[in-house]
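To start, the structure itself, in structure tokens.
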């Protein structure tokens, strides 16, 4: 969704950094110097995605599991604690936004970061610190809820057809329990629906490419308003 956020006026001057020479020297420390990671040649190198403007540079890390997000932040803190002006965790609510909020708050406190009053707010720091629990800091759900809610308005028929396709596929007799293992996870059907829509809009491309290129978040979409406001408070003028 970072690319979708960049379409907003608040972040329109933010660009993707794809060349090492364009990156601030202080942030090069976030790029692993050792390959393969942990000696495992099957693992991808954990390189953040960097975005930059005249006033700020943002490093976006992804991690499997909320605990791993906190651990990644802690590694960055230990490496160069005075380099970063702000930290944030953006994660899924899953079944219970409040439970996740409490877990993230405890994790931030455990690594010595200031803890904001609640999800979606920012502690002034230093460093500034906050966390946002998708989809809206209150409801159960995951990141997929955000493009689905917005995409249904632009691609109403496509969303309905993709939902029917996923439902029909989930009961096909040729699919065994192992085949359906991931689809049957709590967010499995939503992930499949987003993927089905993206495969029509950008066949053979990653979902992120479709969200970047297509009209998932058309003009007037409000689903990213709260997240954009949170990031504005966290990062400051860009």
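Residue numbers (the numbering used here): 888 to 1125. Note that CB positions come from ideal geometry on N, CA and C, so glycine has one too.
Assuming residue 945 is part of the beta strand (DSSP E), what are its boundary residues?
Its beta strand (DSSP E) spans residues 944-947.
Would residue 1028 pass as a contact of residue 1034 if the rule is Cβ separation under 7 angstroms?
No, these two residues do not count as a Cβ contact at 7 angstroms.
Taking 6 angstroms as the cut-off, does the CB of residue 944 come closer than this to any heavy atom belonging to the ligand GDP?
Ligands are entirely absent from the displayed structure, and the ligand GDP is therefore not among its contents.
Counting Cβ pairs, one atom from each stretch, are 3 or more of them under 8 angstroms apart for the stretch 1081-1088 and the stretch 1032-1050?
Touching, yes.
By how many angstroms is the C-alpha of residue 1060 removed from the C-alpha of residue 1114?
Taking the straight line from one Cα to the other gives about 41 angstroms.
Write down every uninterrupted run of the alpha helix (DSSP H) in the stretch 965-1012 whose length is 4 residues or greater and which is fully enclosed by it, in chain order.
984-997, all fully within the stretch 965-1012.
Given a cut-off of 7 angstroms on the beta-carbon distance, is the pair residue 1020 and residue 959 in contact?
Cβ distance not < 7 angstroms, so residue 1020 and residue 959 don't count as in contact.
Can you tell me whether DSSP reads residue 1038 as helix, strand or coil?
Correct three-state label for residue 1038: helix.
Can we say the stretch 932-941 touches the stretch 914-921, given the rule of at least three CB pairs closer than 8 angstroms?
Short answer: they touch.
Tell me whether the stretch 900-915 and the stretch 938-947 touch, counting them as touching only if at least three CB pairs, one residue from each stretch, are closer than 8 angstroms.
A contact exists between the stretch 900-915 and the stretch 938-947.
What residue does the alpha helix (DSSP H) around residue 1017 start on, and which one ends it?
Unbroken run through residue 1017 is the beta strand (DSSP E), 1015-1021; no alpha helix (DSSP H).
Under the DSSP definition of a beta bridge, which residues are partnered with residue 1028?
Beta-bridge pairing links residue 1028 to 981.
Going by DSSP, what residue range makes up the beta strand (DSSP E) through residue 1075?
From DSSP, residue 1075 is part of no beta strand (DSSP E) but of the alpha helix (DSSP H) over 1075-1088.
Can you tell me where the beta strand (DSSP E) holding residue 1096 begins and where it ends?
Not the beta strand (DSSP E): residue 1096 falls in the alpha helix (DSSP H), residues 1094-1100.
Exposed or buried, which one is residue 1077 when buried takes at least 16 other CB atoms within 10 Å?
When all chains shown are included, residue 1077 counts as buried.
From residue 1011 to residue 1058, what does the alpha carbon distance come to, in whole angstroms?
Spanning the two alpha carbons is a distance of roughly 51 angstroms.
Using the Cβ count rule (16 or more neighbours within 10 Å means buried), how would you classify residue 1124?
Residue 1124 comes out exposed.
Closer than 8 angstroms by C-beta to residue 871: which residues in its own chain qualify, once you throw out the five before and the five after it? Chain order, please.
Outside the displayed range of the chain (888 to 1125) lies residue 871, so it cannot be described from this structure.
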